[in-house]
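Novice: Handing you this structure, nothing more for now.
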Amino acid sequence: MAEENEQRYDPAAIEPKWQLRWAEQKDLYAEEPASCGKPKYYVLEMLPYPSGQLHMGHVRNYSIGDALARHMWMRGYNVLHPMGWDAFGLPAENAALKNRTPPREWTLTNIAAMKRQMERLGLGYDWATEVTTCLPEYYRWNQWFFLRMYEKDLVYRKKSKVNWCPECATVLANEQVVDGCCWRHETTKVDQRDLVQWFLRITAYAEELLDGLDKLDGWPEKVRTMQRNWIGRSEGTEVDFFLEEKESGARDAGPSTPLRSAQDDSAAVRIRVFTTRVDTIFGATSVQLAPQHELVAEFTAADAELRAQVEEMVEQQKQAREAGDLGTIEKHGVPTGRFAVNPYNGASVPIWVANYILADYGTGAIMSVPAHDERDFEFANKYGLPIVQVIQPEDETMAVVLPFVSEDGVLVNSGEYDGLSCTQAQKRLQESAARRAFGEAKTTFRLKDWGVSRQRYWGTPIPMIHCEKCGLVQVPDEQLPVLLPERIEITQQGGSPLGRIPEFVNVNCPKCGGAAKRETDTMDTFVDSSWYFYRYTDAKNAKAPFDSETVKYWFPIDQYIGGVEHAILHLIYSRFWTKVMRDLGLVANDEPATRLFTQGMVIKDGAKMSKSKGNVVSPDEMIAKYGADATRVYSLFAAPPDRDLDWQEDGVAGVSRFLARVWRLTDKYAPLARTAVHGSERFSAVKGTGFSPYSNPANETGALAQEGCSSETAPSGMALELLRKLHQTIAKITLDFEGRWHFNTCVAAIMELVNEIQAADAHLAAGEVPAPALLELLRSLALLLAPFAPHLAAELWEMLGEEGAILRAPWPQSDPELAKEDKLEIPVQINGKLVEVVRVAADADAKAIEEAALAGQKIQLRTAGKTVVKAIVVPGKLVNLVVK
Ligand SMILES: [Zn+2]
Ligand SMILES: [Zn+2]
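In short: position in the sequence shown from 1, add 7, done, that's the working numbering.
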């Protein structure tokens, strides 16, 4: 049929047409001031790094956020839905090295390309609030925050290890170290060098960051668990063992050493250990140090063999760290030949260096209690260290298998503490340590302070000045921003790139006016993403990072959406930043976001899409073939949003065919449906509220009758069937937006609805469904599709004769009366066993239900020739027939 072929769903025409119109409506996606009186809704997707190309993971992330934003607009909310660019970082420098393109130019070109892609996807962002973190108007506030934190003693410098390539003569980022070698010099081993670096004191908030997680019940449990583990609180005790003087000549190890009193050792060197089980301290048979422990350097100074062994352990730890499996490191150690004295009983125990003790956890030293710790037990057996049991079950007759790690027991072999329970003993031993000044109760955290120094070019310059006379001097606020020099040659040689620009480095000291030097480190890019979402609320502010009142209105973010890979760093740093800003009096909220959603990955052929795997599907290609709407709907339909999505191009094609069916359906019946609105202002007004024209027949009868479309006062027959399906679909999708987010089943429900309407085609063609019902069906279909397929929805809206943006049309409301099924399914049992399910009218009485049950086909078969003694009817639920 030629005529049908002429009229086709053509996303390549429809989508650019609407994108152009939307671009002309400057305030279509704009947030409104607080005075608008609407409830606010801040929906945010994580901002991308401007690599130059969106990938399908982005498309999925943004399709989820955009659907939610559009839905909330239609629900009448004042919506903030912004987008920006996490624009500093190493790839821009690498690209500069490779292509000789300045990082700024490379970055801004990429941003422009990705923005075009976002616009081609039809994403509803308010570009007036766009934030680009590499621009001075943004990063000056990074500097400003840094200074405020410095004033609050939340910024400090300390020596710390960095990766150093001797060939490049520069510091490498962790991602530039490949198998222990430089990424550019594949055979050059990377060294660890000590460098003085800047740190943010995030540990000052460790307790609050941990406790706050309990209140974040709108965050996925797995993210909260990951953060809890990352912060890693342990309650325990710190205890000083005392280093024995090195005695000349060989000596015997072991407990035969005469007891010494701890008090005698007040001048001795102390080795502070951290333990969560101080109750087992009488069972300690060695002290173990991390290879980097400061005492180890002393021990190895005169012992070349030990030094070599320790260096090997340092290397093993580094490799295990890079491979991310420190927990599975093959445990081994070496004795140092030195001894330490247990302050509680004076026992002398050997000091070992062990490769599984970490310098940056606890104190970098532990006591080893093989009888009551799995790891220590394994280690003691390997090296033949003594095993001394000091805890036993309360029930003495119970057989004990070592290691006995339970805290459900009593102390033995522990002098005056014998007989105490583990918990009692811990308390008593802590008190004793504090009284005798060799220890204390201690809560330690795994969380470390945040090292923010980067010896890189493409980042925020740290606003500090080094003056020989005055020391460290802050750059005065009025001199901010410290601008990143734009013309720079990136050579990857000789330390920090900024250090090679004399115009940048040489400066007059703000305090004494003398010659001084600028700090040449730049900030970690996680600084940029720690507070960018506050800036969206007031992106043009040149006097402050944002207006606090505006932030008070919009925060916390109602829904934050992004990948679970950001569960740790970004989401902990931004929580920290929020708390610091709160303590600076800038914001009132404790946490940045009330709800967090982490979408699943997009995978193809069993692996995450990535360039190296060669399984990347380009959004541009999909859009060119099937349209933006089909690509977006597919990314929501193919899997529940929190699960991984296995990309199948067939699926996109299928969605595209479905959208084409919706278009054809509307194209075919819009002329008939539109007769319902012709000349009726009153009908339009009611329509505008989003209520069904049937929800209040008393009011509507007159208007409908005047139209002459139908003489009925309420829908019946096929119209009723279809409207029932419609209102069930509305109810389902509305509920999903309110929290379950099963957008895949939302799309499936719309498909079912369309199937049902299409199946009724003969009835529709015969005019059996009155125009107002038909109009409601088609209007609602467009409205339901609007969050998912905004271009098609806008087109359908226009085809139905509607004016104004569908985005501002009210979300349809489900009429519960209409949605109610008119038939119920009733299970029928014979002697308590289910035999058949029969359908009865929803308002059927007991007698009618019994009749329907007895009329069931299977029931008739089973009761033939028998007697139904009794029929028990539970209306609406069940029929049980007692048959003999
Ligand atoms: Zn190198
Ligand atoms: Zn000075």
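Glycine included, C-beta positions come from ideal geometry on N, C-alpha and C.
Using 10 angstroms around the beta-carbon of P823, count the other beta-carbons present and answer buried if the total reaches 16, otherwise exposed.
Specialist: exposed
Novice: What's the gap between the Cα of E714 and the Cα of G774?
Specialist: Annotation note: pLDDT 38 at E714 (below 50); position unreliable, coordinate value reported separately. Each residue's alpha carbon lies about 15 Å from the other.
Novice: Counting only runs of 4+ residues fully inside the segment 130–196, write out the alpha helix (DSSP H) ranges in chain order.
Specialist: 143–158
Novice: Does the Cβ of P265 have 16 or more other Cβ atoms within 10 Å, making it buried, or fewer, making it exposed?
Specialist: Interpretation of P265 is limited by its pLDDT of 43, a score under 50 that renders its predicted location unreliable; no figure is taken from the coordinates.
Novice: Contact defined as beta carbons within less than 8 Å: I believe M758 pairs with T673. What is the distance between those atoms, to the nearest angstrom?
Specialist: Between the beta-carbon of M758 and that of T673 there is about 15 Å, and that puts the pair past the 8 Å contact cut.
Novice: Can you name the residues that DSSP bridges to S460?
Specialist: M530
Novice: Are the CB atoms of G863 and V845 within a distance shorter than 8 Å?
Specialist: If you check the CB distance, V845 and G863 come in under 8 Å.
Novice: Nearest to T139 by alpha carbon, out of W205, Y539, V185, T605?
Specialist: Y539
Novice: When the Cα of P23 is compared with those of F95, Y36, M125, which residue comes out closest?
Specialist: M125
Novice: Quick check on the DSSP output: the alpha helix (DSSP H) that includes I118 runs from which residue to which?
Specialist: Unbroken alpha helix (DSSP H) run through I118: 110–127.
Novice: Name the two residues that bound the continuous beta strand (DSSP E) containing M374.
Specialist: 372–375
Novice: Beta strand (DSSP E) containing L250: first to last residue?
Specialist: 240–250
Novice: Sort Q437, W190, G569 by Cα distance to T283 and report the nearest one.
Specialist: Q437
Novice: Is any heavy atom in ligand 4 found nearer than 7 Å to the beta carbon of C516?
Specialist: No copy of ligand 4 appears in this structure; the ligands present are ligand 1 and ligand 2.
Novice: Considering Cα atoms alone, identify which of G658, T870, K884, D218 is closest to V890.
Specialist: T870
Novice: Along the chain, where does the alpha helix (DSSP H) containing A7 start, and where does it finish?
Specialist: Coverage of the chain is limited to positions 8 through 891, which leaves residue 7 absent and any answer about it impossible.
Novice: Which parts of the segment 381–466 are runs of the alpha helix (DSSP H), unbroken and 4 residues or longer, counting only runs that do not cross its ends?
Specialist: Note on the segment 381–466: whole alpha helix (DSSP H) runs with a minimum of 4 residues are 381–390, 429–442, in chain order.
Novice: Hey, how far is the Cα of A595 from the Cα of F152?
Specialist: 17 Å
Novice: Which of the three DSSP states is assigned to A635 in this structure?
Specialist: helix
Novice: Return helix, strand or coil for H473, following the three-state DSSP convention.
Specialist: strand
Novice: In angstroms with no decimal places, state the Cα-to-Cα distance between E565 and A600.
Specialist: For the record, residue 565 in the displayed sequence is Asp; it is not Glu. Per the coordinates, the alpha-carbon of D565 lies some 6 Å from the alpha-carbon of A600.
Novice: Looking only at DSSP bridge pairs, what is T210 linked to?
Specialist: DSSP, once it has assigned bridges, lists no residue as partnering T210.
Novice: Out of L490, I879, A291, E414, point me to the one whose CA is closest to S421's CA.
Specialist: A291
Novice: From G520 to V571, what does the alpha carbon distance come to, in whole angstroms?
Specialist: When rounded, the distance between both Cα atoms is 49 Å.
Novice: Using the three-state DSSP reduction, which class does A522 fall into: helix, strand or coil?
Specialist: strand
Novice: Which residues in the same chain have their Cβ closer than 7 Å to the Cβ of F698, if we skip the five residues on either side of it in sequence?
Specialist: Confidence at F698 is low in this model, with a pLDDT of 39, below 50, so the placement of that residue is unreliable and no value is reported for it.
Novice: DSSP three-state label for S70, please.
Specialist: helix
Novice: Check whether the Cβ of R191 sits closer than 7 Å to any heavy atom of ligand 1, and report yes or no.
Specialist: yes
Novice: Should the segment 778–798 be regarded as contacting the segment 646–657, the criterion being three or more beta carbon pairs within less than 8 Å?
Specialist: no
Novice: So the beta strand (DSSP E) A347 belongs to, where does it begin and stop?
Specialist: 340–348
Novice: Assuming S293 is part of the beta strand (DSSP E), what are its boundary residues?
Specialist: It spans 293–296 - the beta strand (DSSP E) in which S293 sits, taken as one unbroken run.
Novice: Less than 8 Å separating the beta-carbons of L365 and A297?
Specialist: In contact: L365 and A297 (Cβ atoms closer than 8 Å).
Novice: Helix, strand or coil: which one does DSSP assign to K739?
Specialist: helix
Novice: Pick helix, strand or coil for R77, following the three-state DSSP scheme.
Specialist: helix
Novice: On the criterion of 16 or more Cβ atoms from any shown chain inside 10 Å, does M588 qualify as buried, or is it exposed?
Specialist: Counting the other Cβ atoms within 10 Å of the Cβ of M588 gives 16 or more, which makes it buried.
Novice: Leaving out five residues on either side along the sequence, give the residues of the same chain with a beta carbon under 6 Å from the beta carbon of Y48.
Specialist: M79, Y84, V86, D565
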